[in-house]
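For what it's worth, our numbering labels the leading residue of the sequence shown as 51, then goes sequentially.
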Amino acid sequence: MSATPTGVILAAGMGTRLGELTAGIPKPLLPVAGRPLLDYGICWMRAAGVKRVVVVGGYRIEQLREFLAARHPDVILAENKEYATTQRMASLLVAAPHISGDLLVQDGDYIFTVAAAAALAGKMPPRIVLHGTRRPDACWSAMDVIISTAADSVTEIRKTAGTQPLGEGEYYFNSQIFMPASEVGEFMRYAERTSASRGGLAHVEDTLQDYIRSGQSVGVRPVESGFWVEVDNPAELEAARRFVAAFHDDIP
């Protein structure tokens, strides 16, 4: 990555699949083994060498503001005021004015071990890449987004019903997207132009899929080490607690 990359953590959603657990608290602040979920994401970014971190909030944002002021005062908080009626691409666009240098994006409901940062080491790719793995044991929750590739480029990003077997050239997506500084502006301008047609309901993956269809090249960067877990429902919250207990020494 560049010397001063930006990390964006998308954390504006309402967490409705967690039911009453998020009735009075935003999902990023749900406690997992004594720490808010978002704290893991921010600390992982720091451990990966990302100094400039932007969190995009929405639902019950004042609680996020209070947490960041107390625990991570140097983190930038951007607000998606339309969080109840938009999806994650709208949140990434809200963060755009705060992005400088290379960009690493991830969802705010993931916990990664520090070993997963090894994918960021070495020579940086000259194009946008999605982080994915072929390891079926890499994630302690459902891996329900699959990246298909051909000739070293992404051809399709699709949602599945739970974890499905991989075919040749396929990877499980772990929510992380890397964009070199040279590509950030072009992608954001494309997203601005196309998001209106979806009424703000585009996920980042939807926009990337459209970007690929427009003729742009997007790659995949295999994550060969480390583990992670996503928290999207009560069962996965319990899985996250077990995950933290199992990998305590490898979680920043």
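Note that CB positions come from ideal geometry on N, CA and C, so glycine has one too. Since this is a predicted model, take the numbers as computed values, not measurements.
Return the first residue and the last residue of the alpha helix (DSSP H) that M238 is part of.
-> A231 to S245
Roughly how many angstroms lie between the CA atoms of R239 and V104, to the nearest whole one?
-> 19 Å
Confirm, please, whether the CB-CB distance from G151 to T54 is below 8 Å.
-> yes
Spatial neighbours of Y133 in its chain, beta-carbon cut-off 6 Å, leaving aside the 5 residues before and after | A62, G108 and Y109
Bridge partners of S203, per DSSP?
-> A200
Counting Cβ pairs closer than 8 Å, one from the stretch 198-213 and one from the stretch 128-147, do we hit at least three?
-> no
Determine, using beta carbons only, whether V279 and I149 come nearer to each other than 8 Å.
-> no
Could you pull the start and end residues of the beta strand (DSSP E) that F162 belongs to?
-> Y160 to F162
What are the residues that DSSP puts in a beta bridge with D157?
-> L60
If we count the other Cβ atoms within 10 Å of its Cβ and call it buried at 16 or more, is H298 buried or exposed?
-> exposed
What is the C-beta distance between A168 and G74, in whole angstroms, given that I count them as a contact (C-beta under 8 Å)?
-> Not a contact, Cβ separation roughly 38 Å.
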